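Protein chains in written order, with this note's numbering: chain A, 1 to 286; chain B, 287 to 425. Even for Gly, the Cβ is constructed at its ideal location relative to N, Cα and C. No experiment lies behind these values; they were computed from the predicted model shown. Below: one structure, written as structure tokens.
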Amino acid sequence: MATYLNWKKKTVLPAVVAGLVSLPALADSRLLATSGVTQVEGSAGGGLVPWAVMSGYADEGEWSAGVFHTVTDVQDYRLTVDGASYSRDNRFEISAAQQRFEIKGLAGDIRQEIYGAKVRVLGDLIYDAAPQVAAGIQYKRLLDGDIASLVGAENDSSGVDIYVSATKVHLAALGGYHLLWNATLRATKANQMGLLGYGGDDNNSYELMPEVSALVLLREGVAVGAEYRSKPDNLSAFSEDGYADVFIAWFPNKQVNLTFAYADLGSVAGSEDQNGLYASLTAYFR
Amino acid sequence: MKKVTRTLLVSACLLGAGPAMATTLYDDLGGKEGIAVVVDGFINEISYDQNIVKFFAQTDIKRLREKLEEQLCMVSDGPCEYTGDSMEDVHAGMQITTGEFNRVVELLQNAMNQAGVAYPVQNRLIKRLAPMRPEIIHR
Ligand code: HEM
Numbered sequence: 001m002a003t004y005l006n007w008k009k010k011t012v013l014p015a016v017v018a019g020l021v022s023l024p025a026l027a028d029s030r031l032l033a034t035s036g037v038t039q040v041e042g043s044a045g046g047g048l049v050p051w052a053v054m055s056g057y058a059d060e061g062e063w064s065a066g067v068f069h070t071v072t073d074v075q076d077y078r079l080t081v082d083g084a085s086y087s088r089d090n091r092f093e094i095s096a097a098q099q100r101f102e103i104k105g106l107a108g109d110i111r112q113e114i115y116g117a118k119v120r121v122l123g124d125l126i127y128d129a130a131p132q133v134a135a136g137i138q139y140k141r142l143l144d145g146d147i148a149s150l151v152g153a154e155n156d157s158s159g160v161d162i163y164v165s166a167t168k169v170h171l172a173a174l175g176g177y178h179l180l181w182n183a184t185l186r187a188t189k190a191n192q193m194g195l196l197g198y199g200g201d202d203n204n205s206y207e208l209m210p211e212v213s214a215l216v217l218l219r220e221g222v223a224v225g226a227e228y229r230s231k232p233d234n235l236s237a238f239s240e241d242g243y244a245d246v247f248i249a250w251f252p253n254k255q256v257n258l259t260f261a262y263a264d265l266g267s268v269a270g271s272e273d274q275n276g277l278y279a280s281l282t283a284y285f286r
Numbered sequence: 287m288k289k290v291t292r293t294l295l296v297s298a299c300l301l302g303a304g305p306a307m308a309t310t311l312y313d314d315l316g317g318k319e320g321i322a323v324v325v326d327g328f329i330n331e332i333s334y335d336q337n338i339v340k341f342f343a344q345t346d347i348k349r350l351r352e353k354l355e356e357q358l359c360m361v362s363d364g365p366c367e368y369t370g371d372s373m374e375d376v377h378a379g380m381q382i383t384t385g386e387f388n389r390v391v392e393l394l395q396n397a398m399n400q401a402g403v404a405y406p407v408q409n410r411l412i413k414r415l416a417p418m419r420p421e422i423i424h425r
């Protein structure tokens, strides 16, 4: 405490009090909202697209862990996703998620587990001139492949997506407001993210799918933006479209973030023009 | 008379659109007084933060205040010259981590919030300070 004493007089007491009550070491040292939110497969990103950011707020020498819950409700389907993620050193991220896809009016659902890993390869989201770049993998496993094989999927049990993402914040770029963009390239065979299996009778090879996001921070901790994610079209039975959304995300603090979006999923398993509301909550213990 | 007034008005408008009326970030920060309030709040915020205040144990706070005021004035296009030491020299040997750097950014944001600096103005100042990070961290 002696070191506080050569401080200017009026701040000695608060400094001592702060010294007693604050945590011994830094924990969540990245800046607010740099966690991103959680995308529908459990990786840190926007709502649909994985970004180059690591989940949570862990910087060098720190770790972070959190859980999330997401619901997307469209005309004929409801997709619920639950999962958890862990990251450390602002370098590595691992995640586990379960997707539950309900077909409205029918009993039963399709469940898919997704295990993700991501590593930041280079750059810093905010401070470097070049974007932050990360590479990631999502291993996907269908708990029951009956529907996938019925609709013509080549593989009705598991698939792997590999992606590279570049994400960049441009400080004060739009009339003083921060701008973020992300571009992702994903190699995938998944039909509707894997819910309808992997590969199909029309195409059974990996394809490179671009995915993009852009947002503006309207005030501290409030972002509005849009995303687009292109997808393969492997099944002869159904045509498959890209996903798009417009969203607002709120980061009241570094413990939680909340996203609401209007999502347009296009044609899904024979039902055209599927669109509706998306809501997602991520909470970090640390 | 009417015509003269109109001419004056028109030229005033033309001037208004020109550089004579353009405000600098310095002006938007409230000039010398505004920056003094921000720097005072910033130093106060540092004094409350156990993880950051330890770096300043031996620091001459009067000098720090003066140099920070000069620096913020200069980077915001105000009428000042920074007379302090280079960012590399000042922060050498401190081994400042990326996390500690971010923490100091947050303390500056807190100070600007308390001083009532508008969010876009805060962002413009952060943008001008951000490129200094490589001269400050890991040294
Ligand atoms: C963009 C960020 C920063 C800027 C613009 C900045 C600017 C300055 C300036 C202008 C001075 C006074 C220089 C002089 O006396 O000639 C100073 C001193 C100092 N800074 Fe920074 N600084 C930044 C980040 C940091 C960080 C992150 C830390 C520590 C966590 C830090 C710790 C110090 C210390 C301890 C001193 C006093 C050195 C002494 O006692 O002589 N600074 N800084």
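Chain-ordered listing is empty here: chain A has no CB closer than 9 Å to the CB of Thr309 of chain B, the nearest sitting near 12 Å. Counting the other CB atoms within 10 Å of its CB gives Glu62 of chain A a total of 16 or more, which places it among the buried residues.
Following the DSSP letters along the chain, one finds Pro252 of chain A in no beta strand (DSSP E), marked with neither H nor E. Around the CB of Phe387 of chain B, 16 or more other CB atoms lie within 10 Å, so the residue is classed as buried. Residue side-chain check: Gly370 of chain B places its Cβ nearer than 8 Å to a non-hydrogen atom of the ligand HEM. In this structure Met380 of chain B is exposed. Its beta-carbon is surrounded by fewer than 16 other beta-carbon atoms within 10 angstroms.
Against chain A, the CB of Pro417 of chain B has a partner CB under 9 Å away; the residue lies at that interface. Closest in C-alpha terms to Tyr163 of chain A, from the list A:Gln138, A:Asp144 and A:Gly175, comes A:Gln138. With its beta carbon at least 9 Å from every one in chain A, Tyr312 of chain B lies outside the interface.
Around the C-beta of His178 of chain A, 16 or more other C-beta atoms lie within 10 Å, and the residue is accordingly described as buried. With respect to the C-alpha of Gln344 of chain B, the residue from B:Ala404, B:Ile412, B:Ser362 and B:Val376 having the closest C-alpha is B:Val376. Chain B places no beta carbon closer than 9 Å to that of Arg120 of chain A, leaving this residue out of the contacts. Within the segment 377-389 of chain B, those residues whose Cβ lies closer than 9 Å to any Cβ of chain A are, in chain order, Thr383, Thr384, Gly385, Glu386, Phe387, Asn388 and Arg389.
In the three-state DSSP reduction, Ile137 of chain A falls in the strand class (E or B).
Proximity of Ala322 of chain B to chain A, defined by a Cβ-Cβ separation below 9 Å, is not satisfied.
At a cut-off of 8 Å, the beta-carbon of Phe387 of chain B counts as near the ligand HEM: some heavy atom of the ligand is closer than that. DSSP, reduced to helix, strand and coil, places Thr34 of chain A outside both helices and strands of the structure shown, so it counts as coil. Chain A places no beta carbon closer than 9 Å to that of Ala401 of chain B, leaving this residue out of the contacts. DSSP places Tyr312 of chain B in the uninterrupted alpha helix (DSSP H) bounded by Leu311 to Asp314. The nearest non-hydrogen atom of the ligand HEM is 8 Å or more from the C-beta of His424 of chain B. Excluding sequence positions up to five before and after Glu60 of chain A, its CB lies within less than 7 Å of the CB of Asp89 and Asn90, all in the same chain and listed in chain order. When only Cα atoms are considered, Leu143 of chain A and Leu281 of chain A end up about 25 Å apart. In this structure, the ligand HEM has no non-hydrogen atom nearer than 8 Å to the beta-carbon of Val324 of chain B. Interface criterion not met: the Cβ of Asn234 of chain A is under 9 Å from no Cβ in chain B. At least 9 Å separates the beta-carbon of Leu265 of chain A from that of Val151 of chain A. For Tyr86 of chain A, the uninterrupted beta strand (DSSP E) run begins and ends at Tyr77 to Arg88, by DSSP. In this model, Gly276 of chain A and Gln75 of chain A are separated by some 7 Å (Cα to Cα). Gly385 of chain B and Lys254 of chain A have their alpha carbons spaced roughly 14 Å apart. Neighbourhood of Tyr127 of chain A in chain B, by CB distance below 7 Å: Ala416 and Arg419, in chain order.
Pairing Phe341 of chain B with Lys348 of chain B, the inter-Cα distance amounts to about 16 Å. Checking the 8 Å criterion, the Cβ of Gln395 of chain B is out of range of every heavy atom belonging to the ligand HEM. Distance from the CA atom of Val361 of chain B to the CA atom of Ile412 of chain B, rounded to whole angstroms, is 10 Å. Relative to the ligand HEM, Thr38 of chain A has its C-beta separated by 8 Å or more from all heavy atoms. When C-beta atoms of the segment 153-169 of chain A are compared with those of the segment 191-200 of chain A, three or more pairs fall below 8 Å, so the two segments count as touching. Between Arg186 of chain A and Leu208 of chain A, the C-beta gap is smaller than 9 Å, which places the two residues in contact.
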